[in-house]
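Written out below as structure tokens is the structure these notes cover.
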């Protein structure tokens, strides 16, 4: 049987409690649902690589000249943006757009273009900035965006991210041209003052520069050495003094003076599609001056003189000096100007060439002779160097022997002087001894003289006793001597030989005449 749908009085409180709980549950669910819906609808989640642009749906009406809302009190796009984070706005009053951050990639730069503000005056294109992030006028913002991520309101600015920074390589100069700014005070000059519109006096060194291409243009000028061959134009020649046509070939090495890079760039840049001025310099400076100098210098000399070495060398030196003088004032430095070949006319080239060859051979042979002399002198010097130690040894030995000889000489001299002194003393002693001997001899002589005188006096008296007959006295003395010596005389006869001795004594002695 079906249950009774009517409740008894005892069941009514429980029913009421169930209804209250259900109501509370319903209200709670409604509140949660409403809160969730409010949280979901009012919430603005901005990611790490995003930003949000707010658009006010209610508020004051904008003027016809306003592109964006001047403040939050006005309708329209707001200037301020929401960066990374969570925000809550009433969707009845506000709407919003989530945008990706503007990314400037590595090796690029960004240029902002202001889309709001006052219109620029005639010929102006740069926006006037109230602050770094707010433009007063429309136009190109002077400051650039370097590589990175930026939150830029697309209703305020348009971003061009396809530009590249300017890189000045080594050996180049960056010539700066201001595309904006006040007109130069002196419009007829090649270079303008700092800040004026036109080519600046200052230049950039090597490096990378983040420059707004709408504001400043940097032209790269190659200041490295470059070469140009005169024969490339096929018409380098001149008439000689005697009417012969002389052609030549040469090599000119030049470079732009770094200090005058801007002036040279303005003067010779006619390339509408780039900054290359090398060909213009060759065409307008190098080639005309080279042709003019060759003709001026060459026309004053005979054709045959260009075959001779000395004349050619003088011509080359003069050519280089003249090229430097002519180009320096134009901002072009001539590093080297060499005439590599000179082709005189064949009518005179052959005989003069033979003569010049002979002259050069003679000069070469003389040089070889001088070289041989130098080699000889060098060999002699080498041998002298090799003999150096032996000469030193000999000189040392000579000095040693000389020293020993001098020492021995000094010793001998000292000994001789000593012996001389001894001999002198002996001489003095001998003289004294001789004097003594002389004195002694003289004394003895005197004694002998005295004795002889005494004897003579005795003999004189004895002779006087014999009547001054010396013979008788001599016989007397003889008999006196003999009588004492003989003891016996053996005489056989009267005519004995011994008796002959005494016969002379028997002869009468003749009286001697008295004195």
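Residue numbers (my numbering): 4 to 518.
Glycine residues also receive a C-beta, built at the ideal position from the N, C-alpha and C atoms.
A quick note: this is a predicted structure, and the numbers were derived from the prediction, not measured.
Alpha carbon of residue i to alpha carbon of residue j, nearest angstrom
i: residue 483; j: residue 426; result: 57 Å
i: residue 98; j: residue 58; result: 5 Å
i: residue 297; j: residue 336; result: 19 Å
i: residue 411; j: residue 419; result: 12 Å
i: residue 249; j: residue 358; result: 19 Å
i: residue 315; j: residue 334; result: 28 Å
i: residue 467; j: residue 455; result: 17 Å
i: residue 129; j: residue 91; result: 38 Å
i: residue 158; j: residue 68; result: 15 Å
i: residue 160; j: residue 341; result: 59 Å
i: residue 438; j: residue 445; result: 10 Å
i: residue 127; j: residue 106; result: 28 Å
i: residue 600; j: residue 435; result: Nothing about residue 600 can be read from this structure; the chain reaches only from 4 to 518.
i: residue 379; j: residue 390; result: 16 Å
i: residue 300; j: residue 247; result: 14 Å
i: residue 94; j: residue 148; result: 34 Å
i: residue 234; j: residue 344; result: 10 Å
Local Cβ density within 10 Å of residue i, reported as buried at 16 or more and exposed below that
i: residue 239; result: buried
i: residue 101; result: exposed
i: residue 190; result: exposed
i: residue 143; result: buried
i: residue 453; result: exposed
i: residue 79; result: buried
i: residue 347; result: buried
Three-state class that DSSP yields for residue i in the structure shown
i: residue 231; result: strand
i: residue 132; result: strand
i: residue 165; result: strand
i: residue 204; result: strand
i: residue 450; result: helix
i: residue 176; result: strand
i: residue 242; result: strand
i: residue 392; result: helix
i: residue 125; result: coil
Own chain, CB closer than 7 Å to residue i, minus 5 neighbours either side, in chain order
i: residue 392; result: none
i: residue 261; result: 176 and 226
i: residue 273; result: 283
i: residue 75; result: 59 and 81
i: residue 242; result: 248 and 302
i: residue 86; result: 49, 54 and 154
Spatial neighbours of residue i in its chain, beta-carbon cut-off 6 Å, leaving aside the 5 residues before and after
i: residue 89; result: 48
i: residue 132; result: 138
i: residue 70; result: 119
i: residue 23; result: none
i: residue 417; result: none
Contacts around residue i, its chain only, beta-carbon distance under 8 Å, and the 5 residues preceding and following it disregarded
i: residue 287; result: 271
i: residue 174; result: 209, 225, 226 and 227
i: residue 135; result: 146
Are at least three pairs of beta-carbons, each pair with one atom in the region 201-208 and one in the region 172-184, less than 8 Å apart? yes
Sufficient close CB pairs (3 or more, under 8 Å) joining the region 115-124 to the region 133-151: yes
Within 8 Å, do at least three Cβ pairs link the region 253-269 to the region 161-168? no
State whether the region 359-374 contacts the region 317-329, with contact taken as three or more CB pairs (one from each stretch) at a distance under 8 Å. no
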